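Only one structure is covered here, and it is reproduced in the block below.
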Amino acid sequence: MLRRSIGPAVLAALLLPALALASVGKVSVLEGHAARTPSSSAKQALQVGSEVELGDTLDVAAASNLKLTLNDRSVIMLGENSQLRIDEASFEGQERKGFSATLGFGKIWSHVEKMLAGSNAKFEVRTERAVAGVRGTIFRVDAVKLVGATTQLAHRAHTVVRVVEGRVAVEAQVKKALKGATPPPKKGARVQVPGPTEISAEQWERRFVELQANQQVSVGEELWKEAAVDPASKKDAFARFVDRNAGTGAKR
26 MLRRSIGPAV LAALLLPALA LASVGKVSVL EGHAARTPSS SAKQALQVGS
76 EVELGDTLDV AAASNLKLTL NDRSVIMLGE NSQLRIDEAS FEGQERKGFS
126 ATLGFGKIWS HVEKMLAGSN AKFEVRTERA VAGVRGTIFR VDAVKLVGAT
176 TQLAHRAHTV VRVVEGRVAV EAQVKKALKG ATPPPKKGAR VQVPGPTEIS
226 AEQWERRFVE LQANQQVSVG EELWKEAAVD PASKKDAFAR FVDRNAGTGA
276 KR
C-alpha cells in the first residue's frame, strides 16, 4: 500500500481555519500590562495584535488599560485592575451571533455594533450582581468589590451600569426588605450579634429595568438605585483612556 505523508505546510493549512474560528478579537491598544489565561493553558502576556479566544480570562494590571476589537468590529475597553472572562462568542465572518462575558471586577466600556433588523444576536456583560444586555449601543459597567467605608453598604460588592447611547436592559437579583426586622439598638445598649445565616430563595426578588442614554443603575445585595449618570464617571482615568482611543468626540 502506498502511503502519502502530509508536509508541514499542508498540515498548517488544514489547521488554520480551525484556529481562526477560536479567535474572537484582537488587542488594538494596550497601555501598561495585561494578560490572557486560556481555559486550558498557562497565563500569557498580551501585546498589540494578540488574539483573544473563547474561554480566555483577561487580566489588566494596575495603571494599565486595554482595548479589544471583536470580529464584528464591536469594541471593548477594560480599565486598570479589571478581570473579564469570555464565556460565549459566536461569529460568522464579521456578523455577531452571540457574545457574553463576565466582569469579575473592574471597569468595562463597550461600543456594540448594531445588528441587522430582525437579528436576535445578543451582547451581554455579567457581574456578580447584574446582567446588562444590549443589541447595539455604548455603555459602561463598573464591578466594585469594596464600597467606601463611610456608606451603609461598606465592604459590599456592587455593580453600576451606565448608558452612554442607545438602550441597555439590566436584570438583577436583590434581597427583599425583610418584614419584622429588628429595630436599631439604642445608644449604649448591648447587642447580641447573630451568626451567619443562609439567605433562602424566598428572600430574593428579581429586578429589571431598561436604561436609556445618560441613565445609570447601581445594584447590590440590598441596593437598587436608578439615577442620572454620575458626571464624575466621565472624567476619571478610564474615561480619559476611552476618549483617547474611541475616536474624536467619543461618548463615555
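Residue numbers (our numbering): 26 to 277. Even glycine gets a Cβ: it sits at the ideal position worked out from N, Cα and C. Remember, it's a predicted structure, so these values are computed and weren't measured experimentally.
Would DSSP call residue i helix, strand or coil?
i, result
"D268", "helix"
"K14", "Limits of the chain in this structure are 26 at one end and 277 at the other, which puts residue 14 out of reach."
"S258", "helix"
"F263", "helix"
"S115", "strand"
"E196", "strand"
"Q108", "strand"
Would residue i pass as a contact of residue j if the rule is Cβ separation under 8 Å?
i, j, result
"A257", "Q241", "no"
"V185", "V195", "no"
"V77", "L103", "no"
"Q198", "W229", "yes"
"L79", "I101", "no"
"L109", "I133", "yes"
"K147", "G129", "no"
"Q72", "L55", "yes"
"K51", "S66", "no"
"M140", "R154", "no"
"G161", "A238", "no"
"S135", "G123", "no"
"A182", "V193", "no"
Which residue comes first and which comes last in the beta strand (DSSP E) that contains residue i?
i, result
"K147", "147–151"
"E56", "48–56"
"M140", "No beta strand (DSSP E) contains M140, which DSSP labels as neither H nor E."
"T184", "183–190"
Assuming residue i and residue j make a contact with CB atoms under 8 Å, what is their CB distance in whole Å?
i, j, result
"S89", "A59", "6 Å"
"L236", "V188", "4 Å"
"L93", "S53", "7 Å"
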